[in-house]
Amino acid sequence: MSTPLSWACVYQAAVVHRRLGAGAYRFRYRVFSLLLDIDRLDQIAAGTWLFSRNRFNLLGFYDRDHLPPGERGLRGWAERVLAGQGIDGRDLSIRLLCFPRVLGWVFNPLSLWYCEDPAGRPRAVIAEVRNTFGERHCYVLRPGSGQLDWPLRDQHAKNFHVSPFIGMQARYAFTLARPDERLRITIREFVGDALLLVATQTGQRRSFSTRTLLGELARIPLQTAKVLGAIHWHALKIWIGGARFHRKPAPPVEEVN
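Quick note, the working numbering runs 6 ahead of the 1-based positions in the sequence shown.
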């Protein structure tokens, strides 16, 4: 049995990073992501024996992986973040794009909370960023003036350490399409006017079913290890390539930018 696509789906996807300048490189690796309606998580988990919420399984989702310490409710947290930006989130649908836990283990460099009004128009996207030091920070992306539909485009100054080879003077330019049949995410990172990094995640939607999930486990059985391994392997290659090393600053005091 497949879960309704409006509740959950799987994206067979590829992540591509292309760095310019010192330590230039390009890498591509396959991943699979889940898009989950945060108000339907229990029903989603009930649809397959392979996936669980807040308990161990081959694949799983734990609320605490996407919340600050002490916080309990996903929607309550998201609505408070949106309210801090002057957005009433009570009537919005909120779908979370993330990697699942695989055998209890996950690392999500980027999770996206897509917040839409009843007509499917973008009100905001919460970009939840994690680094390999166990720290977490969020950027709230909003449509520009007069922008009523997807794709959502926004820019933010960088204020959270991710890579030791890109300083804190950078800024991000996000372009996010609505996640439908296709997944399309593009993030460009600039230092001044110079483009330093282009990161994309693109994918094809599949049903959220036991068959699909088993197929993804067979295709990428150790996804979390693959993601972390790729991060550290390419960091080594960048260092060998001569890129400047930046010491890690203290994380920002505020959880949300």
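Every residue gets a Cβ at the ideal spot worked out from N, C-alpha and C, and that includes glycine.
Select from the options the residue whose C-alpha is nearest the C-alpha of residue i.
{"i": "Leu154", "options": "Leu42, Arg25, Leu103, Glu122", "result": "Glu122"}
{"i": "Gly53", "options": "Ile244, Leu219, His240", "result": "Leu219"}
{"i": "Trp111", "options": "Ser213, Gln229, Val262, Gln207", "result": "Gln229"}
{"i": "Arg107", "options": "Asn63, Ala133, Ile132, Pro128", "result": "Asn63"}
{"i": "Trp55", "options": "Thr216, Val262, Ala200", "result": "Thr216"}
{"i": "Ala14", "options": "Asp186, Ala241, Thr138, His162", "result": "Asp186"}
{"i": "Leu98", "options": "Glu77, Pro124, Pro74", "result": "Pro124"}
{"i": "Val204", "options": "Val21, Thr138, Gly90", "result": "Val21"}
{"i": "Trp245", "options": "Leu73, Ile172, Gln49", "result": "Ile172"}
{"i": "Glu260", "options": "Ser213, Tyr145, Arg177, Val168", "result": "Tyr145"}
{"i": "Thr208", "options": "Arg225, Ile226, Arg188, Leu40", "result": "Arg188"}
{"i": "Trp239", "options": "Gly126, Gly92, Phe33", "result": "Phe33"}
{"i": "Cys104", "options": "Arg24, Ser117, Ala19, Ile93", "result": "Ser117"}
{"i": "Val262", "options": "His23, Ser12, Pro74, Thr206", "result": "Pro74"}
{"i": "Ile226", "options": "Ala19, Ser12, Thr9", "result": "Ala19"}
{"i": "Gln91", "options": "Leu11, Arg24, Ala130, Gly76", "result": "Ala130"}
{"i": "Thr9", "options": "Phe57, Phe113, Gly126", "result": "Phe57"}
{"i": "Asp199", "options": "Phe214, Thr206, Tyr178", "result": "Tyr178"}
{"i": "Thr206", "options": "Arg24, Ser12, Leu11", "result": "Arg24"}
{"i": "Asp71", "options": "Ala224, Phe139, Phe113", "result": "Phe113"}
{"i": "Leu109", "options": "Ala224, Leu65, Arg86, Ile93", "result": "Leu65"}
Could you tell me which residues DSSP puts in a beta bridge with residue i?
{"i": "Glu195", "result": "Tyr178, Leu203"}
{"i": "Ile132", "result": "Trp119, Val146"}
{"i": "Trp55", "result": "Trp55 pairs with nothing; no bridge assigned."}
{"i": "Trp111", "result": "Val108"}
{"i": "Gly173", "result": "Answer is none; Gly173 lacks a bridge partner."}
{"i": "His23", "result": "Phe33, Ala205"}
{"i": "Val233", "result": "Beta-bridge pairing links Val233 to no other residue."}
{"i": "Thr9", "result": "Phe214"}
{"i": "Tyr17", "result": "Ser39, Arg211"}
{"i": "Arg190", "result": "Thr208"}
{"i": "His1", "result": "Nothing about residue 1 can be read from this structure; the chain reaches only from 7 to 263."}
{"i": "Val262", "result": "Cys144"}
{"i": "Leu100", "result": "It is Ile, not Leu, that sits at residue 100 in the sequence shown. Paired residues: Cys121."}
{"i": "Leu64", "result": "Paired residue(s): none; Leu64 is not in a bridge."}
So, at 7 Å on beta carbons, what are the nonlocal neighbours of residue i in its own chain, with the 5 sequence-adjacent residues on each side left out?
{"i": "Asn60", "result": "Tyr68, Asp69"}
{"i": "Asp183", "result": "Strictly speaking, residue 183 in this sequence is Ala, with Asp absent from that position. So the qualifying residues of the chain are Trp156, Pro157, Arg190."}
{"i": "Leu47", "result": "Arg59, Phe67"}
{"i": "Phe166", "result": "Val135, His143, Pro257, Pro258"}
{"i": "Arg81", "result": "Ile44, Asp45, Ile100"}
{"i": "Arg127", "result": "Leu154, Asp155"}
{"i": "Glu195", "result": "Ile172, Ala176, Tyr178, Leu202, Leu203"}
Might you give, ordered along the chain, the residues of its own chain that have their beta carbon closer than 6 Å to the beta carbon of residue i, omitting 5 neighbours on each side?
{"i": "Pro257", "result": "Glu141"}
{"i": "Gly247", "result": "Gly29"}
{"i": "Glu222", "result": "Phe38"}
{"i": "Pro170", "result": "Phe251, His252"}
{"i": "Phe180", "result": "Leu147, Asp160, Ile193"}
{"i": "Val168", "result": "Asn137"}
Please check the pair residue i and residue j, which I expect to be a contact at CB under 8 Å, by giving their CB distance rounded to whole angstroms.
{"i": "Leu88", "j": "Gly95", "result": "4 Å"}
{"i": "Tyr17", "j": "Arg211", "result": "6 Å"}
{"i": "Pro115", "j": "Met174", "result": "About 17 Å; that fails the 8 Å criterion."}
{"i": "Leu201", "j": "Leu26", "result": "6 Å"}
{"i": "Ala6", "j": "Val197", "result": "The structure shown does not extend to residue 6, since the chain spans only 7 to 263, so no value can be given for it."}
{"i": "Ile50", "j": "Leu42", "result": "6 Å"}
Is there a Cβ of chain D sitting closer than 8 Å to that of residue i, yes or no?
{"i": "Trp156", "result": "The structure shown contains no chain D; it is built from a single protein chain."}
Quick one: what's got a C-beta closer than 8 Å to residue i's C-beta in the same chain, skipping five residues either side?
{"i": "Ala84", "result": "Ile44, Gly95, Ile100, Trp119, Cys121, Ile132"}
{"i": "Arg78", "result": "Asp69"}
{"i": "Leu11", "result": "Arg211, Ser213, Phe214"}
{"i": "Tyr31", "result": "His23, Arg24, Arg25, His240, Lys243, Ile244, Gly247"}
Could you tell me whether the region 143–151 touches the region 215–234, using the rule of 3 or more Cβ pairs below 8 Å? Contact fails: fewer than three Cβ-Cβ distances are below 8 Å.
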